[in-house]
Each structure stands twice: as C-alpha cells, then as structure tokens.
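So the sequences go chain by chain: A and B. Just so you know, we're using my numbering here: the first sequence kicks off at 1 and counts up by one. Just so you know, we're using my numbering here: the second sequence kicks off at 116 and counts up by one. Remarks on the structure that follows.
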Amino acid sequence: GAVVSQHPSWVICKSGTSVKIECRSLDFQATTMFWYRQFPKQSLMLMATSNEGSKATYEQGVEKDKFLINHASLTLSTLTVTSAHPEDSSFYICSASPGFGQPQHFGDGTRLSIL
Amino acid sequence: DAKTTQPPSMDCAEGRAANLPCNHSTISGNEYVYWYRQIHSQGPQYIIHGLKNNETNEMASLIITEDRKSSTLILPHATLRDTAVYYCIVRIQGAQKLVFGQGTRLTINP
C-alpha cells in the first residue's frame, strides 16, 4: 500500500532555531501534499497544502513566513519552522494521496519540542 | 465539505463488535464518507470509505443509511489494538484536503 514517511520522528531544539521536517511518498508520486498540526488532546488542523513546483497554499491564520514549505520533487515536501519558539511545540503530520480519488495516507508525524 | 457529528467517546469489550456512529445530515450527492483512526502518537490511518453502498474490507465494514444522512463503522471483533480516536470525514472525491473533527475516542476493554 501507499507509504508516507516523515523525518525526524521527534526533535528537541532551543528557542530561536529553525527546524526542517521532511515528508516523503515512498512508493508513489504526489504533486500535492498536506501539512497538519496537532496540539495535545486536540484534533488535526490543516496548516497548508504543498504543491510540487509552485507555492504552497496556507490556511487562514497560518504564517507563511513562519512555516516555510518546499515541494521540490514529486516525492518530497519539507516544512521548515523558522525561529521556533515554545508555542510552536506540537505534533506535525503530513499526508499525500497516490492519485485522484484515492485516500490520503499519513506519515507517522514529527513531535517538535522547543525549549 | 459537510459537517459530521460523532460521540466524543465509546467503550467496547474486547472480542465484541464495535459500532461507531456518524451523522452527516447535510451531505451532498457527490460527497463520500471516509473513516480514519489515530492511535496515540501516530499519524492517522485510513480505514474505509464509501458513497452510498455498504463497504467491507479487511479492517472494517461501513454501513451507510439509504438517505446517506448517517453511517456506522463496524469493527467486527475489536481488539485492544483498536483503541484509538476514530474520525468520520465527508468530502467530495476530487478534493484531497481532509478536515478533521473531534472524532470518537474508542476504548477497547479487556
């Protein structure tokens, strides 16, 4: 079945640093990938849609300069949290679909802790 | 996308069938019903989806009412590993974006 991989699984870093999270579709190509954020005991919230070869589309209230998204190939999207602060600590999850009408498949998430 | 309503939590005994309801009374004709689940600290896992006919796969069965205003996900023989938050999502097939509600926290008890 379709597999989406995220790296790293967890990261701890100091306030003010930037953190890059990778999302890869391992056995299919994805022109579109999605990034979600999930705070403890809450549901997933869509942050942005990553489009291969073009700019990402951000949901209302998500700062595009804070959360940089790059989708340079059909199998890789990256999310960079710039100048991270403790309030950015969260569980970040990506997803992609193998094709039209097929279900989204999710990565295992990246737990980000900013000290 | 149509809004869905699910009970916040449910309990089920191990080995019994778990029946998770979902109301989607404003569903439109071209919207599918999708079910995902999220086990603690993992990404969501796709379970099943359907338009109007009942569907079954190796994980679960999906029963959609004739008027499509509600559906039930059935896990036929629940195990402890089925403890998770289950999300019912309605969307048109061509729209890839998924909007998650609060889901149902299912606890399987030994």
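For every residue, glycine included, the Cβ atom is placed at its ideal position computed from N, Cα and C.
**Study point:** Any chain A beta carbon closer than 8 Å to B/TYR201
**Key:** As a working mapping, residue 201 of chain B is identified with position 86 in the second sequence. Answer no: the Cβ-Cβ gap between B/TYR201 and chain A never drops below 8 Å.
Check your understanding: Below 8 Å between beta carbons: does that hold for B/LEU135 and B/LEU221?
Key -> The sequence position of residue 135 of chain B within the second sequence is 20, counting from 1. The sequence position of residue 221 of chain B within the second sequence is 106, counting from 1. Yes. Within cutoff.
**Study point:** Nonlocal neighbours in the same chain, by C-beta distance under 7 Å from A/LYS64, ignoring five residues either side
**Key:** By one-based count along the first sequence, residue 64 of chain A stands at place 64. Taken in chain order, the residues that qualify are TYR58.
Exercise for review: Count the C-beta pairs between the stretch 192 to 204 of chain B and the stretch 141 to 157 of chain B that are closer than 8 Å, then say yes if the count reaches three, no if not.
Suggested key: yes
Check your understanding: What whole-angstrom Cβ distance do B/LEU188 and B/LEU177 have, given they're in contact under 8 Å?
Key -> The sequence position of residue 188 of chain B within the second sequence is 73, counting from 1. The sequence position of residue 177 of chain B within the second sequence is 62, counting from 1. Sure, about 6 Å apart at Cβ, within 8 Å.
**Study point:** chain E residues whose Cβ lies nearer than 9 Å to that of B/GLN121
**Key:** Chain labels in this structure do not include chain E; the protein chains are A and B.
**Study point:** DSSP state of A/LEU44 mapped onto helix, strand, coil
**Key:** Counted from its first residue, the first sequence places residue 44 of chain A at position 44. A/LEU44 falls in the coil class under three-state DSSP.
Check your understanding: Across which residues does DSSP place A/MET33 in a beta bridge pair?
Key -> The count along the first sequence starts at 1 and reaches residue 33 of chain A at position 33. Bridge partners of A/MET33: A/SER50 and A/ALA96.
Check your understanding: beta strand (DSSP E) containing B/MET125: first to last residue?
Key -> In the second sequence, residue 125 of chain B corresponds to position 10, counting from 1. Residues 124 to 128.
Check your understanding: Is the Cβ-Cβ distance between A/ASN51 and A/THR32 less than 8 Å?
Key -> Taking the first residue of the first sequence as position 1, residue 51 of chain A is located at position 51. Taking the first residue of the first sequence as position 1, residue 32 of chain A is located at position 32. Yes, the Cβ-Cβ distance between A/ASN51 and A/THR32 is below 8 Å.
**Study point:** Exposure of B/ASP126, with buried meaning 16 or more beta-carbon neighbours within 10 Å
**Key:** Looking up residue 126 of chain B in the second sequence gives position 11. Flag for B/ASP126 reads exposed.
Review point. With burial defined as no fewer than 16 other Cβ atoms inside 10 Å of the residue's Cβ, what is the status of B/ARG206: buried or exposed?
Key: Locating residue 206 of chain B in the second sequence gives position 91, where the first residue counts as 1. Buried: at least 16 other Cβ atoms inside 10 Å.
Review point. By the criterion of Cβ-Cβ separation under 7 Å, what are the contact partners of A/SER43 in chain B?
Key: As a position in the first sequence, residue 43 of chain A is number 43, starting the count at 1. Within 7 Å Cβ-Cβ: PHE215, GLY216, GLN217 and GLY218.
Exercise for review: State yes or no: is the beta carbon of B/PRO159 nearer than 8 Å to at least one beta carbon in chain A?
Suggested key: Taking the second sequence and counting its residues from 1, one reaches residue 159 of chain B at position 44. Taking Cβ atoms only, chain A reaches closer than 8 Å to B/PRO159, which makes this a yes.
Review point. By Cβ distance below 7 Å, which residues in the same chain neighbour B/GLY165 in space, the five residues on each side in sequence not counted?
Key: As a working mapping, residue 165 of chain B is identified with position 50 in the second sequence. Excluding sequence neighbours, B/GLY165 sits near TYR147, VAL148, LEU177 and ILE179.
Exercise for review: Pull out every residue of the stretch 19 to 51 of chain A whose Cβ sits closer than 9 Å to any Cβ of chain B, in chain order.
Suggested key: THR32, PHE34, TYR36, GLN38, GLN42, SER43, LEU44, MET45, LEU46 and THR49
Point to revise | A/GLU87, DSSP secondary structure in three states | key: Looking up residue 87 of chain A in the first sequence gives position 87. Note: A/GLU87 maps to helix in three-state DSSP.
Point to revise | Beta-carbon contacts of A/TRP10 that lie in its chain and below 6 Å, excluding the five residues immediately before and after | key: Taking the first sequence and counting its residues from 1, one reaches residue 10 of chain A at position 10. So the qualifying residues of the chain are ARG111.
Point to revise | Meets three-Cβ-pair contact criterion under 8 Å: the stretch 18 to 25 of chain A and the stretch 92 to 109 of chain A | key: Judged by Cβ distances under 8 Å, the stretch 18 to 25 of chain A makes contact with the stretch 92 to 109 of chain A, as three or more pairs qualify.
Check your understanding: Which residues share a DSSP beta bridge with B/ALA199?
Key -> Here residue 199 of chain B corresponds to residue number 84 of the second sequence, with the count starting at 1. According to DSSP, which records beta bridges pairwise, B/ALA199 is partnered with B/LEU221.
Check your understanding: If you measure beta-carbon to beta-carbon, which residues of the stretch 72 to 97 of chain A are closer than 9 Å to chain B?
Key -> Contact residues of the stretch 72 to 97 of chain A toward chain B are PHE91, ILE93, CYS94, SER95, ALA96 and SER97 (C-beta to C-beta distance below 9 Å).
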